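Protein chains in written order, with the numbering used here: chain A, 19 to 132; chain B, 8 to 121. Where is the CB? At the ideal position from N, CA and C, for every residue including glycine. Note that the structure is predicted; figures quoted are calculated from it, not measured.
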């Protein structure tokens, strides 16, 4: 069975510091997609980044970047120069079937203080 | 263009009652999925519909049912409500039903069962 682990429950940083979130996805599948979502206090899930398992290159999109280490099935998501508006719960969610079913991790609460 | 819309925003019911939640996908999107998010946890997959056909069902009892209409909007029905059904119910839409496609979430319906 597939398992998604976000071991960090909460991360607190001061504005402008970088924040790195960890996600480990254990599966026998060799090809899959993984999404990151942000859930601010308002509750609405906001799509951030999509990544596939066969591309190990680091990727950067604005202040967001991420790194996939195939050997450990670990997806690290980094927010560079954090801002107060980045305060939210961040979820990693791999797709676990051909129709797009998302399996969410427990989430990591990020708190950015001025 | 409007995003995913859900109604109602909030709902209070008592145990044993029935509830219907509604979702309108982004215009042009043909796939709708439903997720349940209990406070402090990640969303859990309930159903996915594509072209009015059920394509996936999560580990939820038969009290939960859903359908998709010709205009691609969707309803989630829950019968014989239990206290444990109290949660945020999220609807997501995507253009197609495949795993590569980004899913866009609505603001959710917060259901409280007393």
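Could you give the C-beta distance for residue i and residue j, rounded to a whole number, given that I count them as a contact under 8 Å?
i, j, result
"residue 85 of chain B", "residue 74 of chain B", "Not a contact, Cβ separation roughly 13 Å."
"residue 28 of chain A", "residue 127 of chain A", "4 Å"
"residue 64 of chain A", "residue 51 of chain A", "Not a contact, Cβ separation roughly 17 Å."
"residue 37 of chain A", "residue 97 of chain A", "5 Å"
"residue 118 of chain A", "residue 101 of chain B", "6 Å"
"residue 33 of chain A", "residue 130 of chain A", "6 Å"
In whole angstroms, what is the alpha-carbon distance linking residue i and residue j?
i, j, result
"residue 100 of chain A", "residue 103 of chain B", "34 Å"
"residue 121 of chain B", "residue 28 of chain B", "17 Å"
"residue 112 of chain B", "residue 89 of chain A", "32 Å"
"residue 17 of chain B", "residue 53 of chain B", "19 Å"
"residue 95 of chain B", "residue 13 of chain B", "11 Å"
"residue 109 of chain A", "residue 86 of chain A", "16 Å"
"residue 26 of chain B", "residue 88 of chain B", "8 Å"
"residue 123 of chain A", "residue 92 of chain A", "13 Å"
"residue 72 of chain B", "residue 83 of chain B", "6 Å"
"residue 112 of chain A", "residue 61 of chain B", "20 Å"
"residue 61 of chain A", "residue 99 of chain B", "13 Å"
"residue 24 of chain A", "residue 47 of chain B", "13 Å"
"residue 56 of chain B", "residue 32 of chain B", "11 Å"
When you compare the CB of residue i with every CB in chain A, is at least one pair closer than 7 Å?
i, result
"residue 35 of chain B", "no"
"residue 55 of chain B", "yes"
"residue 107 of chain B", "yes"
"residue 122 of chain B", "Nothing in the structure corresponds to residue 122 of chain B, since chain B is present only between 8 and 121."
"residue 112 of chain B", "yes"
"residue 52 of chain B", "yes"
Where does residue i fall in DSSP's three states?
i, result
"residue 40 of chain A", "strand"
"residue 120 of chain A", "strand"
"residue 59 of chain B", "coil"
"residue 102 of chain A", "helix"
"residue 90 of chain B", "helix"
"residue 66 of chain B", "coil"
"residue 95 of chain B", "strand"
"residue 33 of chain B", "coil"
"residue 118 of chain B", "strand"
"residue 34 of chain A", "coil"
"residue 101 of chain B", "strand"
"residue 46 of chain A", "coil"
Shorter than 7 Å from the beta carbon of residue i to some beta carbon of chain B?
i, result
"residue 82 of chain A", "no"
"residue 52 of chain A", "no"
"residue 28 of chain A", "no"
"residue 124 of chain A", "yes"
"residue 63 of chain A", "yes"
"residue 72 of chain A", "no"
"residue 95 of chain A", "no"
Can you pull the DSSP bridge partners for residue i?
i, result
"residue 86 of chain A", "A:93"
"residue 28 of chain B", "B:83"
"residue 128 of chain A", "A:29, A:106"
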